[in-house]
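**Student:**
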Amino acid sequence: METMDRRPDGSGKVRDIYDCGDNLLMVASDRISAYDFVLPDEIPSKGEVLTRISAFWFDRFADLVPNHMVSMDVADFPEEFSRWADYLDGRAMLVRKAQPLPVECIVRGYLTGSGKKTYDEDGTVCGIALPDGLREASKLPEPIFTPSTKAELGDHDENISFERCAQIVGPEVADRLRSLSIALYKAASEYAAERGIIIADTKFEFGLIDGEIVLIDECLTPDSSRFWPASTYVEGEVQPSYDKQYVRDWLRANWDMEGEPPHLPADVVEGTAARYQEAYEIVCGEPFVPAKEQHVSA
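Here the sequence shown stands for residues 271 to 568, numbered as in this note's numbering.
See below:
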């Protein structure tokens, strides 16, 4: 597979970051992570799907909250990256540098995952008391803001209370993050519902540019959100999803979480790629065509 032979200035589980002075070039690879492990197999076109979905939401919500996106056009990237234009096209985004805020802003609209686990234990999610009688995949009375700390690579994120979030970033910033996150989630959920998708929960990240809070990183992708098909939604059951749950389920059935993660079977790789691309098509309202194929057909 074509890649870049330049060492990134920073790397996450999926993204590589290149310093471009006042801007950063954020490149989404086709790597996939699960349970805080980066798996040995890549998912074809996954990075492009993530970047293009994020760009869609950044554009859609630009009036609701400013974001860090400058351009996805490789012609706007610094000249030094031109020799990798074919690889970067569609999967890279030039963004403004921001000072990341040290919390992840999670909004939950449905009860599932780690929230369901703590609810079953004591009726709360991240310290927020919820009504009795909720089940797996129950819709919550109102979306809730459940922040977490940002873990170093290889460590686990830690759910924290709103009060702890306020201690970390300050009360005014915490209030603003909560209101922005819930507003974004509600607007995205209404849009997605019209297209047959339930957004069960999602994670936003914010930073500061010239003292202003801006939306950064990725936005409402299958990696940062749980997307469920509305047509098969049944309260009380674990829902199929358009994200990497397919990979998580296979790993849970075939790996004891010890040592290095195993290779994924070809059908799991192909099935996961198809789910990502289907998510793009539903969200963005157009067929997914990889950037390199668009140029061939143009």
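For glycine and all other residues, C-beta sits at the position ideal for the given N, C-alpha and C.
In or out: aspartate 300 buried (at least 16 other Cβ within 10 Å) or exposed?
**Tutor:** Label assigned to aspartate 300: buried.
**Student:** The alpha helix (DSSP H) spanning alanine 462 covers which residue range?
**Tutor:** Where alanine 462 is concerned, the enclosing alpha helix (DSSP H) stretches over 441-464.
**Student:** Note down the Cα distance separating valine 553 from alanine 462, rounded to an integer number of angstroms.
**Tutor:** Going by the C-alpha atoms only, they are around 7 Å apart.
**Student:** So, with DSSP's three-state summary, where would you put cysteine 489?
**Tutor:** Three-state DSSP puts cysteine 489 in coil, outside helix and strand.
**Student:** Three or more C-beta pairs under 8 Å: does that hold for the segment 334-352 against the segment 510-518?
**Tutor:** With the cut-off at 8 Å, the segment 334-352 and the segment 510-518 do not touch.
**Student:** Does the contact criterion of 3 or more C-beta pairs under 8 Å hold for the segment 478-488 versus the segment 393-403?
**Tutor:** Flag = no, the segment 478-488 and the segment 393-403 do not touch.
**Student:** Suppose you measure from the CA of glutamate 406 to the CA of proline 492; what does that come to, to the nearest Å?
**Tutor:** The straight-line gap from Cα to Cα measures roughly 20 Å.
**Student:** Please report the distance separating the alpha-carbon of glycine 383 from that of aspartate 471.
**Tutor:** Their Cα atoms are separated by approximately 10 Å.
**Student:** Going by the CB atoms, is the gap between alanine 444 and leucine 334 shorter than 8 Å?
**Tutor:** No.
**Student:** Name the DSSP bridge partner or partners of arginine 378?
**Tutor:** Per DSSP, Ile414 and Asp471.
**Student:** What does the Cβ neighbour count give for arginine 535, buried or exposed, with the cut at 16 atoms within 10 Å?
**Tutor:** Just to set this straight, residue 535 is proline in the shown sequence, not arginine. Exposed is the call here.
**Student:** Put arginine 361 into one of helix, strand or coil per three-state DSSP.
**Tutor:** The answer is coil: DSSP assigns arginine 361 none of H, G, I, E or B.
**Student:** Thinking just about the alpha-carbon of each residue, which of Thr273, Gln509, Gln547 and Arg330 is nearest to the one in alanine 362?
**Tutor:** For the residues Thr273, Gln509, Gln547 and Arg330, the minimum Cα distance to alanine 362 belongs to Thr273.
**Student:** Mind checking which residues open and close the beta strand (DSSP E) that includes cysteine 290?
**Tutor:** 285-290 is the extent of the beta strand (DSSP E) around cysteine 290.
**Student:** Measure the CB-CB distance between arginine 322 and tyrosine 550 and report whether it falls below 8 Å.
**Tutor:** Contact flag set, yes.
**Student:** To the nearest angstrom, how far is the alpha carbon of leucine 447 from that of phenylalanine 476?
**Tutor:** Approximately 8 Å, taken between the alpha carbons.
**Student:** Could you say which of Pro278, Phe497 and Ile287 lies nearest to arginine 366 if we only look at CA atoms?
**Tutor:** The shortest Cα separation from arginine 366 among Pro278, Phe497 and Ile287 belongs to Ile287.
**Student:** In this structure, how does DSSP classify lysine 409 when only helix, strand and coil are distinguished?
**Tutor:** Of the three classes helix, strand and coil, the one that applies to lysine 409 here is strand, per DSSP.
**Student:** From tyrosine 455 to aspartate 356, what distance separates their C-alpha atoms?
**Tutor:** Each residue's Cα considered, the two are about 34 Å apart.
**Student:** On a CA-only basis, which of Ile438, Pro370, Pro417 and Pro441 is nearest glutamate 428? Give me that one, please.
**Tutor:** Among Ile438, Pro370, Pro417 and Pro441, the Cα nearest to that of glutamate 428 belongs to Pro417.
**Student:** Helix, strand or coil for alanine 368? Go by DSSP, reduced to three states.
**Tutor:** Coil at alanine 368, not helix or strand.
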